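Peer 1: So the protein lines, in turn, are chains E and R. Everything in the first sequence is counted per UniProt numbering, starting at 1 for the first residue and increasing by one. Everything in the second sequence is counted per UniProt numbering, starting at 1 for the first residue and increasing by one. Positions of the beta carbon are idealized from the N, C-alpha and C atoms, including for glycine. These numbers were taken from a predicted model, which means no experiment stands behind them.
Protein chains: 2
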Amino acid sequence: MTEAVVLVATMVAKPGQEELVERTLTAALPKVHAEPGCLRYALHRKAGTTGVFLMIEKWASPEALGAHMKGAVMREVGAALARALAGAPDMVFLDPIPAGDPDAGAV
Amino acid sequence: MTEAVVLVATMVAKPGQEELVERTLTAALPKVHAEPGCLRYALHRKAGTTGVFLMIEKWASPEALGAHMKGAVMREVGAALARALAGAPDMVFLDPIPAGDPDAGAV
Chain E
1 MTEAVVLVAT MVAKPGQEEL VERTLTAALP KVHAEPGCLR YALHRKAGTT
51 GVFLMIEKWA SPEALGAHMK GAVMREVGAA LARALAGAPD MVFLDPIPAG
101 DPDAGAV
Chain R
1 MTEAVVLVAT MVAKPGQEEL VERTLTAALP KVHAEPGCLR YALHRKAGTT
51 GVFLMIEKWA SPEALGAHMK GAVMREVGAA LARALAGAPD MVFLDPIPAG
101 DPDAGAV
């Protein structure tokens with residue numbers, strides 16, 4: 001098995017910047033999906049909030065994630081969001097514990 | 001489109017109870033996967049911890065989630081974990097923002 005990487009990145013928009021953040025992240029999705037090794041890159045808003053966004057990500061390898069983080073798309077997104085987020089994205093890395101159905105049991 | 005429900009449930013084991021929690025949750029996975037409307041029920045450990053578990057869940061409808069929460073499997077799990085968790089599971093509900101590839105762009 002390759003060493004896939006799963007993480008959840010949480011981004012909090014500054015008040016008034018919610019739409020800019022949502023628009024920027026949404027526009028980036030198709031480009032990120034086209035990056036090598038992107039298995040999942042799924043945007044969500046925390047229910048009951050306007051400006052708390054969670055990206056659930058899965059990359060085929062640490063190298064694929066590294067290339068994504070240093071790539072052109074993230075550079076653009078980072079520049080666009082530099083003044084729009086309340087802080088740096090909070091990245092929580094997750095170790096999968098597979099059991100049961102291999103599809104339902106993994107992101 | 002049906003109204004799928006996405007959530008992340010975080011469970012923190014009391015010190016010394018990490019293995020019991022992992023064993024109980026892992027044993028429940030196949031049973032939960034067989035419940036009606038379970039689209040995703042994926043267990044993870046927060047990297048760098050021994051006892052912080054995150055379940056990334058997707059249910060076909062609020063009704064399916066409700067039946068799961070009240071069902072026999074969760075009753076058993078709840079009983080097994082009642083004294084093993086540091087507190088009630090923290091459930092964060094997420095509103096998907098779909099864009100790009102429909103598979104990579106959703107959990």
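(1) For residue 70 of chain E, count neighbouring Cβ atoms within 10 angstroms of its own Cβ and tell me buried if that reaches 16, exposed if not.
(2) Does chain R have any CB closer than 9 Å to the CB of residue 36 of chain E?
(3) Hey, residue 38 of chain E and residue 60 of chain E: beta-carbon distance below 9 Å or not?
(4) DSSP state of residue 12 of chain R, grouped into three classes?
(5) Put residue 76 of chain R into one of helix, strand or coil per three-state DSSP.
(6) Measuring straight from C-alpha to C-alpha, what distance separates residue 83 of chain R and residue 73 of chain E?
(7) Going along the chain, which residues of its own chain have a beta-carbon closer than 6 Å to the beta-carbon of residue 55 of chain E, five neighbours each way excluded?
(8) Are the C-beta of residue 98 of chain R and some C-beta of chain E separated by less than 9 Å?
(9) Determine the extent of the alpha helix (DSSP H) in which residue 54 of chain R is found, giving its start and end residues.
(10) Closest to residue 5 of chain R by CA distance: which of R/97, R/103, R/101, R/93 is it?
(11) State yes or no: is the beta carbon of residue 101 of chain R nearer than 9 Å to at least one beta carbon in chain E?
(12) When the Cα atoms are used, what is the spatial distance from residue 67 of chain R to residue 75 of chain R?
(13) Judging by CA-CA distance, which residue of R/14, R/24, R/7 is the nearest neighbour of residue 97 of chain E?
(14) Identify which residue in E/105, E/107, E/34, E/19 has its Cα closest to the Cα of residue 64 of chain E.
(15) Per DSSP, what kind of secondary structure is residue 96 of chain R in: helix, strand or coil?
(16) For residue 5 of chain R, name the three-state secondary structure that DSSP assigns.
(17) At the level of alpha carbons, what is the spacing between residue 40 of chain R and residue 62 of chain E?
Peer 2: With the structure as the only source:
(1) exposed
(2) Judged by the 9 Å Cβ criterion, residue 36 of chain E is not in contact with chain R.
(3) The answer is yes: Cβ separation under 9 Å.
(4) strand
(5) helix
(6) 46 Å
(7) 9, 43
(8) yes
(9) Under the DSSP assignment, residue 54 of chain R falls outside any alpha helix (DSSP H), being part of the beta strand (DSSP E) whose first and last residues are 52-59.
(10) R/93
(11) yes
(12) 11 Å
(13) R/24
(14) E/34
(15) strand
(16) strand
(17) Between the alpha carbons of residue 40 of chain R and residue 62 of chain E lies a gap of roughly 24 Å.
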